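Line by line, the protein sequences give chains B and V. The numbering of the first sequence is the numbering used here, which starts it at 1 and goes up by one. The numbering of the second sequence is the numbering used here, which starts it at 1001 and goes up by one. For each residue, glycine too, the CB sits at the ideal point set by N, CA and C. Please read all numbers here as calculations on a predicted model, not as lab measurements.
There are 2 protein chains.
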Amino acid sequence: MVAKKRSFYDFPTPALVLDSVIVRDNIQRLADYATANGLKLRPHTKTHKMRAIAKMQLDAGAIGVTVAKVSEAEVISSPDLDVLVAYPPIGRSRAPRLATLARDRTVRVAVDSMAAIEEMSAAAQASNAVVGLLVEIDVGMGRTGVSKSSATLPLAIAIERAPNVRLDGIMIYPGHIWESIDKQDEPLRAVDSLLEQTLELWSRHGLAAAIVSGGSTPTAYQSHMVWHMTEIRPGTYIFNDMNTVRGGFCSLENCAARVIATVISDAVAGQVVIDAGLKTLSTDLCIPAKDTGYGYIVEYPEAHITRLSEEHGQVDISGCDSRPVIGERITVIPNHICPCVNLQESVWWETPNEPLTQMHVDARGKIQ
Amino acid sequence: MVAKKRSFYDFPTPALVLDSVIVRDNIQRLADYATANGLKLRPHTKTHKMRAIAKMQLDAGAIGVTVAKVSEAEVISSPDLDVLVAYPPIGRSRAPRLATLARDRTVRVAVDSMAAIEEMSAAAQASNAVVGLLVEIDVGMGRTGVSKSSATLPLAIAIERAPNVRLDGIMIYPGHIWESIDKQDEPLRAVDSLLEQTLELWSRHGLAAAIVSGGSTPTAYQSHMVWHMTEIRPGTYIFNDMNTVRGGFCSLENCAARVIATVISDAVAGQVVIDAGLKTLSTDLCIPAKDTGYGYIVEYPEAHITRLSEEHGQVDISGCDSRPVIGERITVIPNHICPCVNLQESVWWETPNEPLTQMHVDARGKIQ
C-alpha cells in the first residue's frame, strides 16, 4: 500500500475502502498454505460479513463458511452450503432457526454443554432435520469450551445418543495466542497434546471426530503443527489490521481495508481532528501494542490517534515532519477490522483501472 | 428499574429495550429544568438516532435538534425544523449537502476555521440558501474549537462579511467534565468567564451572539451557572448509562436503555458467557470507573463483565451469591449508550400494559 496524493477519492468520508488485489492475495495465500498442508479451510465470515467475499473464498477452495450468530448464518450461507456456527445454540430462537436452515444445507454447531445438545436435538427433531455437532474444547482462552479431555466424553456420548444430531468432531479456538505471541509454538504444542488425549479417549469409547476444527488468523500459518487438526477457521486474514501487523503476523502491505478520513479541524496546536471517531473505527485498542492509539495513519506514520469521541478522532501530530491541512484526506488502518466493518453500511471496492464500486455489508448488525 | 424474573421477553437476544416511562421522565425533567432557568433545549440526537424520539423531545418543548454528521441531519431533521450541526462543514460533500437542507429548514453549523466558513459560504451561495454559523470555542476538551477569545474575532468578522452565511453566535462543548467530575463547578466558572470575555470583545466590534450553545449531559443541570448560555445540547440524558450513573449524574432508576442478553455457556469455573459482545455493547470502558468492566448486570450486581470478544461477553461471577444458569436472560446497562444504540438495527419500546413494539434506529450507521 502506497500513500496517495492529497484529496484522493470522491466519496464522502469517513468510508472504508477494500483493495481487491490485496483481498484476493490474502485469500489465495492462505488457500495455498491449506492445500500444501492437507488442511481444509472454512473462513470465519464475521470479519467481512459480505456474501460476495464469502463467494471469493469458496471459489478459492474453502469447503464452507463459519459464522458466530444464527442471523449471520441466515444472511451469509445459502442452500447446499456447509456452514459452521461456532457458537452455542442456546437461547429462545437459536436452535429452531438453525434447524430450519439445516433442512436445505449442512449445518454444524459447536456445543459445550448438555443444555446446548438437548436444545439442538429437540429443535432438529421438530424441523425434521439433522444438525452436526462439534464438542468445543477450551485450549487456553477461558471463554467457551470444556477444558479437560474427560469433560468432552459425556458430551460426545450424549450427542451420539440424541436424535437428529450427528457427532461431527471437535472445535477449538486458540484466541488467547494474542497474549502469548512471543511463545507461539508452546501453546500450539499444548493444543496438540490435548487433542491427542481427547481423540484417544473418544476412540476407546468407539467415538470418532471426522472434523477437528481450529481457528484464528494469528495461528493460521502454524496450523500444520497441530497434527490432528483437519480444518481452520481464520477470519481477520481476509483484510488484516493493526492487530495482525503489530502482532507480527503480516505486514502493512497485506492490509486490504483502510478508512479514508478527512481533517476537519486544526484549532488545537500540535493536533488535527479527523472525521473518523469511535462510530467509524470502534474503541478497540491494538492488542499487541495498547499504547499506539486508535489506528495507523499511512501518510503520517509518526502521528498518533490519541482519542476518539463518537465522530471525532484527535490526532497528535507533534512528531510529524509535515502537518496535515484542513480538508486533506488521510488513510487509517484500524486496530481491529471486524468491528470497523460492522459499523459500515457499505464499503468501497477498489480494483486498479476500474471504477470504484460500492458493496453492501450484508450481515452488518446481525448480532442475534 | 427492577430485576425481572428469569427468561423474560420473547424476542431473540441480544437486544436493546427502551423503557418508555423512563425515557419520557428523562425528557420531561430536563425540559422542566430548562424552562425554570430560561434556557432553550436543543437535544443531541446522536444518542438515540430515532425520529420518533426526536419528536417526543420537540413535543416537550425542545426548540430544535442537534446532530454531529450531515447524514444524521438528513435523516433526523425535517422541513421547517431548526437543526444545529455541531461539526465543522469540512470535506468534499458536507457543506453542499447542508446548503441543500438549508433551503427548507433552519440549518446552523459550528465552525472553528476560516476554511469552514469559506466552504459553507460557497456552498450556501451555490444553493441560494442561508446557513447560520456558530463560532466554536474550546472550553477545555482540546478537541475542536479555538481556545482564546481573541481567536474568535477574525472568524466572527469573516462570517459577518461572507455571503449567504449568518453569524448566529457561539458554541461550546464541556465534554472534558468527565475527567474532572470532582470539581464540576470550577471548569464551569472558567467557561463563564471565557464567554464573558468573548462577548465583550465581540460587542466592542459591533458583533452579537444571539445563541450561546452549551452541551453535555453531565453538566446539563449546572447550565444555569453559565450566565451567558442561551441553550443546551445534551444527548445521553435521554437514556443515561453507566457513565452517567457512576459519574454521579443520575441513578440506575434513570437508565432507560438496557441490553437483554442470554447466558450461553458456563463451561469455565467462576464464569458465565453471555451473547452480548463488543458488536452489541461496544468496547467503551466506563469513563469515571475504568475497572468496572463492560457494563452493569442488574440481576447480578456483583458480577463483572471482564472481557468482550465480538459476540461473547465473559462474566466473572465468582463474587455472586447465586449463579446464572445456561439459557437465563440478564439485563445489562451499557457503559456508553451512544455506540451501543448505533450497533442496533432496531430496539424494543416497552410501555406498561402494552405490547412491546419494535423501533428502527433511523440514523444508525450514518457517519458521513
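Tell me whether the beta-carbon of residue i lies closer than 9 angstroms to the beta-carbon of residue j.
i	j	result
G1142 of chain V	S309 of chain B	no
A99 of chain B	S78 of chain B	no
A1363 of chain V	V1017 of chain V	no
T13 of chain B	D266 of chain B	no
V165 of chain B	I159 of chain B	yes
K1040 of chain V	T1217 of chain V	no
K49 of chain B	Q368 of chain B	no
T1306 of chain V	Y1294 of chain V	yes
N342 of chain B	I287 of chain B	no
A1209 of chain V	M1242 of chain V	no
E72 of chain B	A110 of chain B	no
I232 of chain B	A34 of chain B	yes
S1213 of chain V	M1171 of chain V	yes
T370 of chain B	D112 of chain B	Within the shown structure, residues of chain B are numbered from 1 to 368, placing residue 370 of chain B beyond reach of any answer.
L188 of chain B	G132 of chain B	no
T280 of chain B	Q358 of chain B	no
L1285 of chain V	S282 of chain B	no
A256 of chain B	N240 of chain B	yes
T1236 of chain V	T1047 of chain V	yes
H205 of chain B	L134 of chain B	no
A1086 of chain V	V1067 of chain V	yes
L58 of chain B	L84 of chain B	no
Counting only C-beta atoms, is residue i closer than 9 angstroms to chain B at any point?
i	result
R1307 of chain V	yes
T1066 of chain V	no
R1364 of chain V	yes
G1214 of chain V	no
R1024 of chain V	no
P1154 of chain V	no
R1233 of chain V	no
D1168 of chain V	no
F1239 of chain V	no
A1257 of chain V	no
Along the chain, where does the beta strand (DSSP E) containing residue i start, and where does it finish?
i	result
A1257 of chain V	1257-1265
D82 of chain B	82-85
A374 of chain B	In the structure displayed, chain B extends from 1 to 368; residue 374 of chain B sits before or after that span and is not available.
V1065 of chain V	1065-1067
T1331 of chain V	1329-1333
Between residue i and chain V, is the shortest Cβ-Cβ distance under 9 angstroms, so that the two count as touching?
i	result
K5 of chain B	Unreliable positioning characterises K5 of chain B in this predicted model, as indicated by a pLDDT of 46, which lies under 50. The coordinate reading is nonetheless provided below. So, not an interface residue.
Q271 of chain B	yes
V2 of chain B	Because the pLDDT at V2 of chain B is just 44, under 50, the model does not fix this residue reliably, and the value given afterwards should be weighed accordingly. Judged by the 9 angstroms Cβ criterion, V2 of chain B is not in contact with chain V.
I367 of chain B	yes
S121 of chain B	no
G295 of chain B	no
A102 of chain B	no
G145 of chain B	yes
T219 of chain B	no
A15 of chain B	yes
Could you spell out where the alpha helix (DSSP H) holding residue i opens and where it closes?
i	result
Q57 of chain B	51-59
T1035 of chain V	1020-1036
R1042 of chain V	Premise fails: R1042 of chain V is in no alpha helix (DSSP H) and is neither H nor E.
E1074 of chain V	1070-1076
R97 of chain B	94-101
L1278 of chain V	1278-1281
State the beta-bridge partners of residue i as determined by DSSP.
i	result
Q1271 of chain V	V:D1316
H1421 of chain V	Outside the shown range of chain V, which is 1001 to 1368, sits residue 1421 of chain V, and nothing can be said about it.
V131 of chain B	B:V165
S1346 of chain V	V:H1360
M233 of chain B	It should be pointed out that residue 233 of chain B corresponds to Arg in this sequence rather than to Met. Beta-bridge pairing links R233 of chain B to B:G215.
I1238 of chain V	BP columns for I1238 of chain V are empty, so no partner.
Y296 of chain B	B:I333
Mind checking whether the beta-carbon of residue i lies closer than 8 angstroms to any heavy atom of the ligand FMN?
i	result
Q358 of chain B	The model on display carries no ligand, and the ligand FMN is accordingly not part of it.
Between residue i and chain D, is there a C-beta pair that is closer than 9 angstroms?
i	result
V263 of chain B	Structure shown: chain D not included; protein chains present are B and V.
Worksheet item: When Cβ atoms are compared, which residues of the stretch 1326-1357 of chain V fall closer than 8 angstroms to chain B?
Response: I1326, G1327, C1338, P1339, N1342, L1343, Q1344, E1345
Practice prompt. Could you list the residues in the stretch 1105-1119 of chain V with a C-beta less than 7 angstroms from some C-beta on chain B, going in chain order?
Written response: D1112, S1113, A1115
Discussion item. Beta carbons nearer than 8 angstroms to chain V: which residues of the stretch 30-60 of chain B have them?
Written reply: K46
Fill in: Cβ-based contacts, 7 angstroms cut-off: residues of the stretch 1061-1091 of chain V near chain B
A1068, K1069, Y1087, P1088, I1090, G1091
Worksheet item: Of all the residues that make up the stretch 127-143 of chain B, which are near chain V by a beta-carbon distance shorter than 9 angstroms?
Response: E136, D138, M141, G142, R143
Worksheet entry | chain B contacts from the stretch 1192-1217 of chain V (Cβ-Cβ distance under 7 angstroms) | none
Worksheet item: Which residues, in chain order, does the stretch 278-290 of chain B contribute to contact with chain V at a C-beta distance below 7 angstroms?
Response: L278, K279, T280, S282, T283, D284
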